[in-house]
Each structure stands twice: as structure tokens, then as C-alpha cells.
Amino acid sequence: MKTREDVTIINQGLDGEMEVSGYRPCLWKLVLVGVGAVCSGGLLLLLLYWLPEWGVKGTCTHTSLSDAHTLLLRTKDEFRQWFRVRVHRMLAPGRKPFDDLDVKPRSQLANGNFGHQVCSVQDEQLPQEQQVQIQYFTHHSFRYYWNDAIQNFAFYQGLEDVKVSCAHIHAEHSRGLTKALQDYRRLFFGENEIAVRVPSLFKLLIKEVLNPFYIFQLFSVVLWTAEDYYYYATAIVFMSVISIATSLYTIRKQYVMLHDMVASHSVVRVSVCRGDKDTEQAMSTELVPGDVIAIPANGMVMPCDAVLFQGTCVVNESMLTGESVPVTKTSLPSSGDEAARRYSMEEHKRHTLFCGTNVIQTRFYAGELVKAVVIRTGFSTEKGQLVRSILHPKPTDFRLYRDAYLFLLCLVGVAGIGFVYTIILSIMNKVPAKTIIIESLDIITITIPPALPAAMTAGIVYAQRRLKRVGIFCISPQRINMCGQLNLVCFDKTGTLTEDGLDLWGIHRAEHGSFVAPEPGPAEERLVKSAFVACMATCHSLTKIEGELSGDPLDLKMFASTGWVLEEPTEEETALHNPLMPTVVRPPKRAITGDGQRQSQVQNMSCELGIVRQFPFSSVLQRMSVVVRRLGDKHMEAFLKGAPEVVAGLCKPHSVPQSFTETLESYTRQGFRVIALAHRQLESKLSWHKVQTLSRDLIETNMEFLGLIVMQNKIKQETAGVLTELRRANIRTLMVTGDNMLTAVSVARDCGMVRPHENVIVADAAPPRDSLPPSITWRYVDKPAQTASDDQTAQILVEEEMYHFALNGRAFAVITEHFPQLIQKLALRATVFARMAPDQKTQLVEVLQGIDYIVGMCGDGANDCGALKRAHSGISLSELEASVASPFTSSTSNISCVPNLIREGRAALITSFCVFKFMALYSIIQYISVILLYWILSNLGDFQFLFIDLVIILIIAFTMSLNPAWKDLARQRPPSSLISGSLLCSVLTQILTCLAFQVLAFYLVQQQSWYETWTPQSDACNVSRPSSFSDRRNGTTSHDHKNIRNYENTSLFYVSSFQYLAVAIVFSKGKPFRQPSYKNWPFMLSCVGLYSFLLFIMLSPISAIDNFLEIVCVPHDWRVTLVIVVAANAVVSFMLEILIVDIILWRLVSRGSQGANGPRESSSGDTPQVANDSWGALFLSCLFCRRNKRPKVLYRHLALELQDDANWPPQPSTVTYAAEAQPHISATL
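Using the working numbering, read the sequence shown as starting at 26 and increasing by one per residue.
Given below as C-alpha cells:
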């Protein structure tokens, strides 16, 4: 929508970006709406309630935001949702929370718990000049305040709004806040509480009942009651009550569970620092950004987001990341270049304690407190935003549901035709006005099935249960259908495609600028005193928790290979010493007797290393380092480990072996995980206290290269088979990892993601430097020496699309920024993304979605949270049973869950289509019956409606959803739209078939020789009835005026009842997405039972059943004729569905859907059958106007464009510059 001048944007550039317009009440509009509400019986108010935009514009006039009483919000995402909010006003001493005001203590300030109340400040409490009126509104648990400077509403997130540097936090925010300033800020930030209010049952009931579906049901029940259809009306009321009660129970249970989960740790007692020394106990709800809290030595559950500026903490962040490995948090840098940077929660997350995470232990100088500055509170925290996303989820954007509403609108149009038809026919036959109104409205209730939502949900519920049985847990059931449309899945590597644990293959040390021979491990006695082993023993973030070593699996494996021992000081030891007692590592004690034992003890003591300071691993920097001190030495040492390319760049050039690049490539090509180590001796003048304030940039420079640790990361047993299955199913697979490029490419080849004969083209992008523009260098991995034959072979492979692109994180960032026109082309054929940061994984998912892929993401839940949440279907392999970051969580730690999920998604999607088509046909069949009977001023009886709707429809609708998923993944995908040609053709052919056979039965019965206008005395089948019963029926006036009992009614009831069963069987599809219907025994038993019952009452009438269903006795010959009509109907329906939909149209759709996902097939050597199929496809394409039609999805359109591009893909050893449209040949690389 084009932004108008009267629409302002709030949250610009953020996830919750919205348009906002101001309105104030208009008296004359309010009067008109009131009159309209009275005249419409309240329906106008319901309409304004359902449509907030109409509600605001219908009662208010537009005004400026500063004068508005009501705001109209509209999201700028693809859903374009409307919201109506009310503007409140409060009085406060200042306009902004971070103003440094001379305010009075809390007892003298106005009540800050403003919820939906207007705050006031009385004259005797604050001077008049300090009172400022501020407008604000609340939306989705966030509060937005009016800002005069920008003339717009703004959201205060926390201390980050001040845009302070790390050094500024140390200098200006380390003393805490005064009580008065804390009270003032609380006016803006509110209580520090993630408050999940559990709505009352009455409020939930009103909200549920006001759903348009239940309003329509209420209208239907009132109408049926007016027609004396009490039984059917009672049945619908009973179903609605059960549905509403179940819904209320489920919704309230979810609220209670979320409330209990949040409330369990949301309110705790904390120590708040006032000044340098003073601390006081307070409730965590009183905290505001800028407060300084002390973290107790035994840990705590964090009640807010806070940045650590004094001390060290070990934290369990499984609540946020799904990863239970403890993480070490260090204090914020206070000096150097890093301290001068602006504080960012994402960039400095290694120094930030997040709300809801569990601080296991703290360490700092004896007698000194571990302190942190509060950054965010309440719903602004990381935990608060997770809870907020659960409370206010985005609607599921799935085409099926949008098409369902369009289809229902079509049914409303059909009902409108019947409505007009009924009125005209009734007027022509001089029917009373009351009957005209009731019967014309009854057509509407017949056309729109009341059980449709429940029937549609059944398939998803059954799929969710089947997923749970195979260990896949779902917190967003509506996404199961979306899994059926996945055509691309991104996989993390470590822990997902490969084993989580790494095995040490060997070490490759460097001495005097050259590599020595590879060695199997570091545990040899001659290496105990080497710097290489010392680095392996100290450069990690391991800690002891309850006596057991805990930390990153790679660190655990690396440390265990040394055989060294880690000892941490106890609280008593720390209290005895002024400086911080370091973590100590030492070689193991050996069992040597006599002089040897004393010598070993002396050697162990000289090898003891104390870890003085840690710089934790950063995924952005791709390295970590430690400062250590050897027992007895006066100087300290620094050890560094990380990505080999990064570590080599931080070392002195002469210390890096000349064969470094070749050696590294030789390992990474074989799929090994390689880590480089480096060492540096620090100046002797550095003291313990000085080291604690140094920035890592000063430590991590001028290092001496020590060598490489080679780790083996084995591919999981299930990986190759699953990827092969996905490729056969025409589902594209990608690898997105933080590992080395060549290692990732090697793993991609080993697991079958890249096949042996396929080329891998690395796009190595460089940012602009000096006067050089940004560039992309195209390199072919595993490319042998250039010869003519090799070039020709490569060219053939490229022309046949047997190539893949590979990018690293740096190249992805450069291309996204400087080559935006290439990023979609690369995404079309890129398979390996290496060295990707967590936010880049999310960006990649968005790029893929931007070219219309339905994207799945499978990861281990540690660095993949953003991508898991952003993907259409995120699958976490975390050990936790449910992950807040992912809609799906697998209890099995391999990717075999992915095809299982796709299979169940496809089955659920096809089930949804089947049920919707069946419910639509049910409505149309009943509509046809009623329209035909209206022609003779008749209708279906109350118990006939009851039998059809409850006994036939509900049983069939709920059992036809029980088909399990098919065992194999088919190459073609199910359609995603109800408006597709094949589905519409299927529905229309069945409608025409049912119409034809009902009209046939209706007119055939009137042509029979025994036909007459039925009366209670009619005896067409010569069946003797007790005269007392006939007289009793004749005396019943409740049926005479409705003319229910007649031959047309009986004939149409029989034919239509069999039609419901016929279309149910026809629509209940099996292979290739679901198991065949004969394996769904509840459905088969239901169909057989209903067929048997209907045939029995039709061929062997029973008076009691006939009278209950209000059907009349007809001759046996006519009953046999009806059986023939019913059988012919079933055969025609089956043949049309098989011939037109399953064979002709499905072949057309599947041929049209082949594009970028699969390899091109050669046209040479086609068999006659293939040639005939091609001519058939050509004819059908012309018939359905599909010739030369542009693909609907962007990735197929891009694939067609690139097929005609002679310069794509780029040739080996070429460079593309940002300023040029085409690449040019550079010197051979």
C-alpha cells in the first residue's frame, strides 16, 4: 500500500514496523452507528468489531498523532493486520526516561503502575513546572511514548537507547541509580515483570463466541428453531458447546502453562548497588535500566538483561538457545579499541547475562562483588520477547487458508443464487411471507457447512499425534501443512549432518617457521613442557560443576587428549587471598617411586599453569584466547586458538610455515576440522590487576604460530541416505555452517549433497580496498591443472547444470551489500555456505524465501535459533523436548526426522484438501436436493438432515483424515492452492455429476406409472400399513404443511445419501502422499457400514425407520432402479476423478512443475511412449493456456533466464567487479 501523507511509520526498520494514524471521536458518526446497531439488531457492532479499520473510521475523524484519542495501526509485513489502540496520558517530571532530573523520592511521586490508567501528579507533591503531560499507548505488551522531537511515538527499549560505549558504562553507569531516579525511570519502563495475564473464563468465552463462525451458527440455530427443526438445532448447539468448551479449556491451559513457566522465576530478591559500597535488598520487579545488581556467588536466575562489568560468571543459557552447555561470561572491556565501541547486546553477548538464564557460579576478587548493569527489563528482554512472540504470534501465511476463505465466498455466491431462486419461486406459488423468509435464509445455512473448521483441523491433529509417536514434537500445529510444501531444506553441519562430538585425529606442530611431522596426540611425555600442549590445556572455557568438567564438546575432547587435570579454587581458598585465585591446570601425577617421584612432583609443579583471564570464543572473531601464568615464572603468557586463517593473520609472518596454505587445504579437503594454536610471552611488568583491564586486541597480536589440531568429524550414519531420499523427491538441500569452506565442501561431497562429477564454484568476494572496487573471484574447487580437455569437460558439466556455488560468510556479506543483483542468482545454485555467522544464516533463509522457495531449516539449536524461527519450518535437533526457537523439535539427534516431517506434512496437506473438497461437495449436494424439492414446495425432513449431517458427514469427515503418510517421498509435491486447475476441475466434475444424477432421479420418479401426489393414503408399493398409523400420521399437522413425505423427497434422499459416500471415497486419495484408504480401517468400516445400512433400508424397508426418516414406500422396481442410478453415479464419479484429475491434469501439473529443482533431461532418445506423452502434454498445455506462460515462482523464472545467459556461470579464474555488468578474464589464479 502506498504510504499517504497522513500515515506515519513507527518501529521503522525493525521487525514490528507499523503504519499509525490518529483519530478522535466524532459525535455524529457515533449517533449514526448507534442507530445502525439498533436497526441491525447489533450486527453492525459485530461487523465493526471484526474489522477494526471500519470501527475506527466509522466512529472517528482523522487528526494529528499529538491530538489523537485513538490510533489505527497496520503492520507492514505480508499479513497487513489492523489494530485499534487507545491513547492514554500521564503526568511525569520529565519527557524521557534517561533525563537526569532532580526528582523527589518514590513516596512523593505519582503512581507509576499506569496499565490503562492516567497517572496524575498532585500540586503539593511536585512543583508545577516539573509536571509534563505525556501520551502513550500499549500494543502487544510494549509501551510507546510520544516524542516531541520526532513528532511520533517511540518505544524505549532500555539502556541501549542512550547509545553508550563500553567504556562509558564502566565510567558512568557502574555506581547504580539513586532511589529517586529509579522511581522516575519506572514511570516509563514499568514493573520489571513478564506478566502473562490469564484471562477470565468469561472474557475468553465472549471472545470465542464472537467468532464469525459461531455467530453464523447462532443464526442457523435460530432459523432452524423457527422452522421447528429442533433436533438438528439441538445437535448443532451440542456440538458447538463441546467445541467452545474444548477450545476454552485448551486456550486457558496454554495461558496457565505459560504463566507458570514465566512466573516461576520472574520475581526474586536481588541486591541493588547504590554508589560504590552501599547495597540493599529489593524485589526484582523494582529494577529499571541503569540499576546495578550484585550477582551472588552461588548464582541466580537472571530477572533482567544485564551486562557484566565486574567479575566472571558461568551461565546455562538452554532456555534461550536450546543448548545446555555452560557458557562463560566475562566482564565488559573497559579500555582499548573494543571499549570505545558502542555497546550492542548482539555484539557483546559474551558479556551479557540474559533474562531467564541460570547463573551457575561467579568468580572475582575476594571480598569484591560480581556486578552487572541492568540493560533491559520486562518484555524488552530476550526472554520477554520470546514470551511476547508466543502471546502474539504472527498468523500463519499459508495459501490453503486464504484459498479456503475465497472458496467459502464462492459458496456464499452460490447460496445467493439459491436465495433469489427461492424467493421468486415462493412468490410465484403464493407462499406466505414468513415461509419465504425462513426457507430463503435456510438455503444460506445449507450451503456453508457448520462442521467445516472442526473437520479441517482433524487431519492436522492426527498428523501431530503421529509425529509425536516418532519423536517429533510440535508447538505450532498449523505449520504441519506447510511442511508438505517444502522444496528446500538448509542443514547445519556440526551435530546435524556430522557427529556432534569430534575425535582427535592428530596434531601438526610448527617449529622455527616450518611444520614437523604429524603426531597422533599430545599425551607424549616429551611434549609436556611444550607451548603447544600448554595451549591445548589452557585455551578453553571449561569449568567444574558438581565435580564434573563441563563446557563445549570440542574443548572437552581437546583437553581430555592432553591428560592434564583442571582444578578450580574453592570459596575458602579465594577468601584467603587478595587476588583472584586462578583456575589451575597441571599434568597428571605419575606413579613413580623414590627419587623419581620427587623429580616428577617438581616437574608437575613447574608445569602448573594458572588461567588468569579468559577472552571467550566469539563466532564473529572466530577465536578465543587466555592469559596464563606458569608457576614460578614472573611473566605471563597468552595462548590463542581459532580458525586457521584468522590465527595465521594474527601471528608474526616468519613464524607461520610457508606450506601453511597447502597443509591446511590437504586436511580440509579430507573433511577434517582444523584448529590453529598460537602463543605469545607478555611483558613482565604486567600485573594481575592490569591484565583484567586489557582489551583482547592488545593481547591477540604478534603471536607465535604453534601448529594445527586436526579433529575428525564423522558423518552420521543416516545422513547420506536421508539426503539421497530428499534429492529423489526433488527437494533441494543446502549446507549452512560455521566451519571452514573446504571442510564443508568435502563433507558435502561425502554425504552426497554434491555428487562426485559435479563442479563446485567458490565465489570469493572481497570488500572495497583503497581505490579497488568490491570484487568476486570465481574459483573451481578440486580443479586439476588447466588443459584443453579439462576446460572442455568443465564446460560440458556447467552447460548441463552440474555445478554448485559455494560462499563463505564474508563473501555473502560483500555480495549482499555490493552485488545485490547477483545474490538471488547465486542462491539458485549455491549449496555450501561456510563460515556463516548466526545472523547471516537468518539472512540466507530470507533470501531463499525471497525467490519463492518454501524453506525448511534443520539445526542443533545452538547458533541456528534465528534461522529456525525465520524458516517456514524449523526443525531443532536439540535434546530438549520442546524448543522456543523452533516450531518442531526432534528427540532423535539425526536428520531422519526431516523426511518423516515432510511425509506427514504432505499427508496432512492432502487430507486438508480432501476434507475441504468433501465438505464443499456435501454442501452442494444438499443444496441441489433442497433446490429441487423447493420446486415442488417440499424440503428434507428434520431427521433426514440429522441423519445426513451427524451420521454420514461427521463420521466420514473425521475418519477420512486418519490415512497415515505414504512410506516414500514422491518426486512431485502436492498442490498448495485450492484454486489450482486440477482441484477445481475435480470439484466441478463431481458437482456436475451429482447434479445430473439428482435431476435424473427427480424427473424419472415423476415419469413412473404409479406416480401421484403423495398422501397418507397413498399405497404405491402395495405394502399394507395399519390404518391406525396412517390415520395418526394424517392427523399430524406438523408435516402436512411442509410436504416432507413425497416420492421426490424419498428418491433424492436415497440418491444424495449414496452421493455423500461416493465423493468421500473418490476424494480420499492414497498414494503418492497417503496410505491407501483400505488401510484406514475406521474409514472403511464407516463406509461399509453406511452403505450396508442404506442398501438395507432401501431394498428392505422397515416401517419404524421409514417413519423416523420421513420417507415413503415406493415399488420394489423403483428401488432397484435407484440402486442402478446410485451405482452408475459412483462409477461415473470414480472414472472422472481417475481419468481427468489423476491422469491427465496431474501429468500436466507435474510436467509444468519441473524446473530449477531438478536436472534437465535430454530430449534425445525418447521412446514412442515418451513422445506421445509430450504430444499429450503439448495439447493439454494449449488447451489450458499454459504455453509460454511465465512461471509463478521466482526461482523457476530465474532458472529460465540463466539458461539463456551465455556468461553464466562465470568461467574459472575470472573476476567480477561491482562497477561492471559482466566479468572479465584476469590472470590465472
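We put the beta carbon where it would ideally sit given N, CA and C, even for glycine.
Between the beta-carbon of leucine 98 and that of tyrosine 48 there is about 11 Å, and that puts the pair past the 8 Å contact cut. In this structure, leucine 665 places its C-beta atom within 8 Å of the C-beta atom of serine 650. Under the three-state reduction of DSSP output, leucine 1003 falls in the coil class, being neither helix nor strand. Residue Leu378 holds the alpha-carbon nearest to the alpha-carbon of isoleucine 320 among Leu378, Thr275, Asp285 and Ser360. Glycine 47 has Thr88 and Leu96 as its beta-bridge partners, per DSSP.
Nearest in C-alpha terms to asparagine 1132, of all of Asp967, Lys1104, Leu1227 and Val1080, is Asp967. Rounded to the nearest whole angstrom, the CA to CA distance from tyrosine 74 to glycine 80 is 7 Å. Contact between asparagine 738 and threonine 587 does not hold, since their C-beta atoms are separated by about 20 Å, which reaches or exceeds 8 Å. Less than 8 Å separates the beta-carbon of alanine 480 from that of valine 940. In the three-state reduction of the DSSP assignment, lysine 1104 falls in the helix class, which pools H, G and I.
Here the stretch 430 to 448 does not lie against the stretch 923 to 931, with fewer than 3 beta-carbon pairs under 8 Å apart. Rounded to the nearest angstrom, the gap between the Cα atoms of arginine 895 and serine 265 is 36 Å. Collapsing the DSSP output to three states places tryptophan 79 in a helix.
The stretch 198 to 210 and the stretch 310 to 324 touch, with three or more beta-carbon pairs separated by less than 8 Å. Here phenylalanine 104 is exposed. Its C-beta has fewer than 16 other C-beta atoms within 10 Å. Contact annotation: alanine 535 and proline 682 have beta-carbon atoms nearer than 8 Å.
In the assembly as shown, asparagine 964 is a buried residue. Its beta-carbon has 16 or more other beta-carbons within 10 Å. Contact between the stretch 457 to 476 and the stretch 436 to 448 is established, with three or more Cβ pairs separated by less than 8 Å.
According to DSSP, residue pairing for valine 339 in a beta bridge involves Thr353 and Gln386. DSSP places serine 643 in the strand class (E or B) of the three-state scheme.
Using a 10 angstroms sphere on the CB of glycine 215, the tally of other CB atoms reaches 16 or more, which defines it as buried.
Inclusion of leucine 934 and proline 999 in the CB contact set at 8 Å is warranted, their separation being smaller than that value.
Between glutamine 969 and the set Leu1134, Tyr952 and Thr1038, the nearest pair of CA atoms involves Leu1134. Per DSSP, arginine 1070 lies in no beta strand (DSSP E) segment and is marked neither H nor E. Bridge partners of aspartate 528 according to DSSP: Gln737. Considering only Trp960, Gln386 and Val110, the residue with the shortest C-alpha distance to threonine 95 is Val110. Pairing tyrosine 878 with leucine 76, the inter-Cα distance amounts to about 32 Å. Annotation note: the stretch 912 to 937 contains the following uninterrupted beta strand (DSSP E) runs of length 3 or greater, listed N- to C-terminal: 913 to 915. When only Cα atoms are considered, alanine 1243 and histidine 843 end up about 6 Å apart. Listed in chain order, the alpha helix (DSSP H) runs fully inside the stretch 946 to 1012 are 967 to 971 and 980 to 984, counting runs of at least 4 residues. Ranked by how close their Cα comes to the Cα of threonine 718, the residues Val157, Gly576 and Ala192 have Ala192 in first place. A direct Cα-Cα distance of roughly 43 Å separates threonine 744 from glycine 336.
Excluding five sequence positions before and after histidine 373, none of the CB atoms of its chain fall closer than 6 Å to its own CB. C-alpha of glycine 881 to C-alpha of valine 187: approximately 38 Å in a straight line. Using a Cβ distance threshold of 8 Å, isoleucine 876 and alanine 852 count as a contacting pair. The beta carbons of proline 607 and valine 637 sit closer together than 8 Å.
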